[in-house]
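Colleague:
Protein chains: 2
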Amino acid sequence: MTSIGIVGTGVAGLHLALMLQQHHVSVTMYTDRTPDQVASGRLPNTVMHHYGTRERERELGVDHWPLADAGWWTRYHSVLGNPGIDYRGNFDDASTAVDYRLYLPRLEQDFCARGGEVQVGRIDLAGLEALSGRHDLIVVATGRGPLAEMFGRREDLSPHTAPQRICLAGLFTGVDRPAPEGVSINVSRGVGELIEFPIVSAQGKVTGLLFEAMPGGVLEVLARTKYDEDPGTFDKLVLGALEQHFPRVFARVRAGEFGLLGPTDLLQGGVTPTVRNDYVQLGSGRFALAIGDCHAAVDPVMGQGANAASYSAFVAGRAILEDVALDEMFCQRVAAQRAEVVQGATQVTNMYLEFPEHLRTLQAACVRNQTVSDAVAAAFASPDKLWRIVKTPERVDAFIRRIEQL
Amino acid sequence: MTSIGIVGTGVAGLHLALMLQQHHVSVTMYTDRTPDQVASGRLPNTVMHHYGTRERERELGVDHWPLADAGWWTRYHSVLGNPGIDYRGNFDDASTAVDYRLYLPRLEQDFCARGGEVQVGRIDLAGLEALSGRHDLIVVATGRGPLAEMFGRREDLSPHTAPQRICLAGLFTGVDRPAPEGVSINVSRGVGELIEFPIVSAQGKVTGLLFEAMPGGVLEVLARTKYDEDPGTFDKLVLGALEQHFPRVFARVRAGEFGLLGPTDLLQGGVTPTVRNDYVQLGSGRFALAIGDCHAAVDPVMGQGANAASYSAFVAGRAILEDVALDEMFCQRVAAQRAEVVQGATQVTNMYLEFPEHLRTLQAACVRNQTVSDAVAAAFASPDKLWRIVKTPERVDAFIRRIEQL
């Protein structure tokens, strides 16, 4: 009987484990952190789940957070300037955000309650080789940690060697939510972006703020300032950044109540966008397959990472169910089947960070035509589709023309 | 509005044209032969339609031939020897065969009756360049003719530079059909294969015989003997080949009634298995996409060609419907999406012609285990799946083990 070892209990590992479990495939998870450690730890990320991921959650029976609390159907866009740019896009298939300190332990609990086995302990390269003797396939879903490096960077898909944004992500109180509920993308050119979104936390629904500071720009100080040393100064610094660069959000702040939820509710740092090889052969002759950030890590600005990871988990899971052997042919098949979506997420995110001229053309069309804006907003749930729209200036023109000539 | 030019009115071109027509895409077909010329011409091939192709026919509303006449649900296998090998595989999703001199004109008539336009005339390379000015995309579906060469041979997927079998295909009377109805695959080692199948012709249901002679072997004479010069001698030659090499079929022959249906009901020659590049850019800057034999031509022994062609047509059609532009990115996407099935058909056919040792292992398992035999028989409708079973000896072993341990 086929036996799968999954290292890592992030969204990629859990979605794969739950999916295989549903289909009665023997699967063991390995992690260096207990659910309690995850739950009581520092904010690990700020993650949005778009349509495809929500469909997979429903299929897995883990959609525990009702849309009425966690969902939104609108993207607000705002570019600071004189005049500024403001538009919004509406879509029918909700996006959601749940603090991963709630989400991941809950899904691990589902996996265990359904009979799944999770072993806790640190797995290094030697440990991975040892596991390979016990399972037909090892799936590495450990995020951007040291194990990821064994897969080797793909130069052709990794144009950057340093983070393109230095980030501060945190959960905040004292921000009135827009109506209707939605995510807002706020741009201060030459400075950076602010993504503001509702998120279900242990303290209920709060506001997630993800500041994406251009390296060397005036916002980078947000990612470099320690909260613990002086919470009041920190909160004032963030408030000042909102006021100066992101006035649409600042307008909804109740100044006296504004502040970080608590000392562990923030994350500072940056991601070097990196695509790694899909798999490696281990000393046993068996294969290790990378999924999630371990395989392709993107900047968080577009909210694509977790969705690509969940997609990749399901592609791998279906391939495991369908295939006869878990050899190199299997790994190549997974690679081919997920390439369009995973590479789409990578490439579209890298392009949005650079924001070439033809994205401004698309933005102008969103301002003047609601159908264009809605179509672009919906495409955020399908990075392959969004990439087909924006890859070249000619494609953007053709996309706009098609809609405007309807 | 998007406009597509399709050159060639074979199964690939027609399935694509009918599919685009259903979705209101402007499409013009170009051919050098009228339906009447096709209908009154020489037998163009011997083609089986498997499950996926039949599904597409239903989707297109062109399933004009009831399964009760045209369908079968069994594959008989027989290898001459002492002892010989005999087994059969059953499947639930019928295969069919209809003489393409009925099939193609009827589908072209459907296309025209639904408002489609077909222009008759010879299109050479210069003509193709001219067409490219009139359409956003040219799809080349002209089979293995001269236009195919513009796409360039893919050495990595084309291991042969000459036909691996020299064939005689013909429609015959005087053969009792087996019960239940089915296709029979008969092997005479070192000599060649005979594929025998029911086929709906203008004269009703008859028997198709496809002799696959190894080059230089004793059966090659079948492909080299002219029928017209002496029909009686020709029929006797075929009958002798049946008696000596394919006794399972010979046992069902009514000797006094046996013979070729008529002087145009045969085809002699061989196919060099060839995969070509998916697309080329034309002088206009626009692209020409290859589908069908033009893109990948296989030996007819496995009955894969038409099915891969129809599949490829639908992949291209869906990509046309989904995409924003018909540029190189579009062509690469079609290439990626059809690679597994089209290359699977090519590779699995090439392997069966060589019949390495591990296919004998699979054959032995088919003899002893009906579930294995049925699973292999069903996989003929999915060459990608069949290729996953047979690609390596380890895969064959794993496939058999999985079923036998159930």
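Order-wise, the sequence lines are chains A and B. Using the numbering used here, the first residue of the first sequence is number 27, and each one after it goes up by one. Using the numbering used here, the first residue of the second sequence is number 27, and each one after it goes up by one. Where is the CB? At the ideal position from N, CA and C, for every residue including glycine. Source: prediction; values computed, not measured.
Considering just the uninterrupted stretch of the alpha helix (DSSP H) at residue 375 (chain A), what are its terminal residues?
Modeller: Here the alpha helix (DSSP H) through residue 375 (chain A) covers 354 to 380.
Colleague: Leaving aside the five residues before and after residue 159 (chain B) along the sequence, list all residues of the same chain whose C-beta is less than 6 Å from its C-beta, in chain order.
Modeller: Only 310 meet the Cβ criterion.
Colleague: Helix, strand or coil for residue 141 (chain B), going by three-state DSSP, please let me know.
Modeller: The answer is coil: DSSP assigns residue 141 (chain B) none of H, G, I, E or B.
Colleague: Relative to the alpha-carbon of residue 457 (chain B), which residue among B:268, B:411, B:361, B:187 has its alpha-carbon at the smallest distance?
Modeller: Because chain B here runs from 27 to 432, residue 457 (chain B) falls outside it and cannot be looked at.
Colleague: So if DSSP puts residue 235 (chain A) in a beta bridge, which residue, or which two residues, is it bridged to?
Modeller: DSSP output for residue 235 (chain A) lists A:196, A:222 as bridge partner(s).
Colleague: By how many angstroms is the C-alpha of residue 48 (chain A) removed from the C-alpha of residue 97 (chain A)?
Modeller: Each residue's alpha carbon lies about 26 Å from the other.
Colleague: Return helix, strand or coil for residue 228 (chain B), following the three-state DSSP convention.
Modeller: Three-state DSSP puts residue 228 (chain B) in coil, outside helix and strand.
Colleague: Determine the closest residue to residue 100 (chain B) out of B:116, B:387, B:155, with distance taken between C-alpha atoms.
Modeller: The candidate whose alpha carbon is nearest that of residue 100 (chain B) is B:116.
Colleague: Under three-state DSSP, which class holds residue 253 (chain B)?
Modeller: Three-state result, residue 253 (chain B): coil.
Colleague: Grouping DSSP H, G and I as helix and E and B as strand, with all else coil, what is residue 29 (chain A)?
Modeller: Strand.
Colleague: Would you mind reading off the limits of the alpha helix (DSSP H) that contains residue 333 (chain A)?
Modeller: Taken as a continuous stretch (DSSP letters only), the alpha helix (DSSP H) holding residue 333 (chain A) covers 331 to 348.
Colleague: Reducing DSSP to helix, strand and coil, say where residue 75 (chain B) ends up.
Modeller: It is a strand residue.
Colleague: Which bits of chain B does residue 362 (chain A) rub up against, with CB to CB less than 8 Å?
Modeller: Ordered by position in chain B, the residues that pass the 8 Å Cβ test against residue 362 (chain A) are 362, 365, 366.
Colleague: What residue range does the alpha helix (DSSP H) around residue 151 (chain A) cover?
Modeller: Note, residue 151 (chain A): alpha helix (DSSP H), 151 to 158.
Colleague: Who pairs with residue 54 (chain B) in a beta bridge, going by DSSP?
Modeller: B:31, B:143.
Colleague: Report the option in A:370, A:122, A:30 whose CA atom is closest to the CA atom of residue 227 (chain A).
Modeller: When each option's Cα is compared against that of residue 227 (chain A), the closest is A:122.
Colleague: Could you give the residue range of the beta strand (DSSP E) that holds residue 214 (chain A)?
Modeller: First-last of the beta strand (DSSP E) with residue 214 (chain A): 209 to 214.
Colleague: Do the CB positions of residue 292 (chain B) and residue 357 (chain B) come within less than 9 Å of each other?
Modeller: The answer is no: Cβ separation not under 9 Å.
Colleague: For residue 204 (chain B) and residue 102 (chain B), which I take to be in contact (beta-carbon distance under 8 Å), what is that distance rounded to the nearest angstrom?
Modeller: Contact flag correct, Cβ pair sits at about 6 Å.
Colleague: Where does residue 27 (chain A) land, buried or exposed, given buried means 16+ other C-beta within 10 angstroms?
Modeller: The residue is exposed, with fewer than 16 neighbouring Cβ atoms inside 10 Å.
Colleague: Can the beta-carbon of residue 57 (chain B) be found less than 9 Å from the beta-carbon of residue 29 (chain B)?
Modeller: Cβ atoms of residue 57 (chain B) and residue 29 (chain B): not closer than 9 Å.
Colleague: Can you name, in chain order, every residue of its own chain whose Cβ lies under 6 Å from the Cβ of residue 18 (chain B), other than the five neighbours on each side?
Modeller: Because chain B in this structure spans residues 27 to 432, residue 18 (chain B) falls outside the shown range and cannot be described.
Colleague: Is the CB-CB distance between residue 415 (chain B) and residue 308 (chain B) below 9 Å?
Modeller: No. Outside cutoff.
Colleague: Could you give the first and the last residue of the continuous alpha helix (DSSP H) run that contains residue 429 (chain A)?
Modeller: Residue 429 (chain A) -> alpha helix (DSSP H) spans 419 to 430.
Colleague: Once DSSP output is grouped into helix, strand and coil, what is the label at residue 399 (chain B)?
Modeller: Residue state, collapsed to three classes: helix.
Colleague: If you reduce the DSSP assignment to three classes, tell me which class residue 300 (chain A) lands in.
Modeller: Three-state result, residue 300 (chain A): strand.
Colleague: At what residues does the beta strand (DSSP E) containing residue 295 (chain B) begin and finish?
Modeller: Unbroken beta strand (DSSP E) run through residue 295 (chain B): 292 to 295.
Colleague: What is the rounded straight-line gap between the Cα of residue 66 (chain B) and the Cα of residue 127 (chain B)?
Modeller: Roughly 7 Å separates the two Cα atoms.
Colleague: With burial defined as no fewer than 16 other Cβ atoms inside 10 Å of the residue's Cβ, what is the status of residue 93 (chain A): buried or exposed?
Modeller: Exposed, since its Cβ has fewer than 16 Cβ neighbours within 10 Å.
Colleague: How should residue 353 (chain A) be labelled, buried or exposed, when 16 other C-beta atoms within 10 angstroms of its C-beta is the threshold for buried?
Modeller: Buried is the call here.
Colleague: For a quick check, are the C-beta atoms of residue 201 (chain B) and residue 235 (chain B) less than 9 Å apart?
Modeller: Going by C-beta atoms, residue 201 (chain B) is nearer than 9 Å to residue 235 (chain B).
Colleague: Provide the residue(s) that pair with residue 112 (chain A) in DSSP beta bridges, ordered along the chain.
Modeller: Beta-bridge pairing links residue 112 (chain A) to A:104.
Colleague: Roughly how far, in whole angstroms, is the beta-carbon of residue 32 (chain B) from the beta-carbon of residue 156 (chain B), given that I think they are within contact range, below 8 Å?
Modeller: 15 Å between Cβ atoms; not a contact.
Colleague: If you draw a straight line from the alpha carbon of residue 180 (chain A) to that of residue 329 (chain A), how long is it in whole angstroms?
Modeller: Looking at the two C-alpha atoms, the distance is approximately 22 Å.
Colleague: Touch check for the stretch 282 to 297 of chain B and the stretch 335 to 344 of chain B: three-plus C-beta pairs under 8 Å?
Modeller: With the cut-off at 8 Å, the stretch 282 to 297 of chain B and the stretch 335 to 344 of chain B do not touch.
Colleague: If the cut is a Cβ gap below 7 Å, which residues of chain A does residue 421 (chain B) touch?
Modeller: 350, 351, listed in chain order.
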